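Please read the structure below before turning to the comments.
Numbering (my numbering), first residue to last: 38 to 189.
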């Protein structure tokens, strides 16, 4: 089972839509995005468990403290400089739009379907970001989800 934040799953599918079929390790942050992404892309039957807290990607990151909180900072969102706070805002919005429950489990394929069904809300979920970034995120997620779900 893969414990994952909804925005991480969405990011994996978005990057898949940008043309990344094989993810490589991040030498700076040391997180496990690459291994989780590769597992999700190759195994549509992988079980994913939804969380807003530390997930399997974050667990190995150099920015995760002993309490499982991200200590990294951001500067692209006005009034929010904590990456942990920003990620929780995004994940709670996704959970709300999709009608999910924290700790619920899905097959990766089914979770992608759920996110694809709420794709029109992506621009609102990331509403604090620029319109250009929101449009790119939306378009790349849709391309990736269609490819992943084989509905091209």
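Glycine included, each C-beta is placed from N, C-alpha and C at the ideal position. None of these values were measured; they are calculated from a predicted model.
Along the chain, where does the beta strand (DSSP E) that runs through residue i open and close?
i, result
"residue 118", "117-119"
"residue 85", "84-87"
Under the three-state reduction of DSSP, which class applies to residue i: helix, strand or coil?
i, result
"residue 138", "coil"
"residue 106", "coil"
"residue 19", "Examination of residue 19 is not possible in this model, given that the chain is present from 38 through 189 alone."
"residue 129", "helix"
"residue 45", "helix"
Could you say which of the options lies nearest to residue i if we only look at CA atoms?
i, options, result
"residue 41", "51, 140 and 79", "140"
"residue 65", "98, 175, 143 and 167", "98"
"residue 62", "72, 108 and 82", "72"
"residue 156", "180, 96 and 92", "180"
"residue 111", "105, 103 and 120", "120"
Thinking residue i and residue j are a contact (beta carbons under 8 Å), I'd like their distance in whole angstroms, please.
i, j, result
"residue 44", "residue 127", "4 Å"
"residue 50", "residue 185", "6 Å"
Specify, as a first and last residue, the run of the alpha helix (DSSP H) that residue i falls within.
i, result
"residue 101", "Careful: residue 101 lies outside any alpha helix (DSSP H) and carries neither H nor E."
"residue 162", "159-162"
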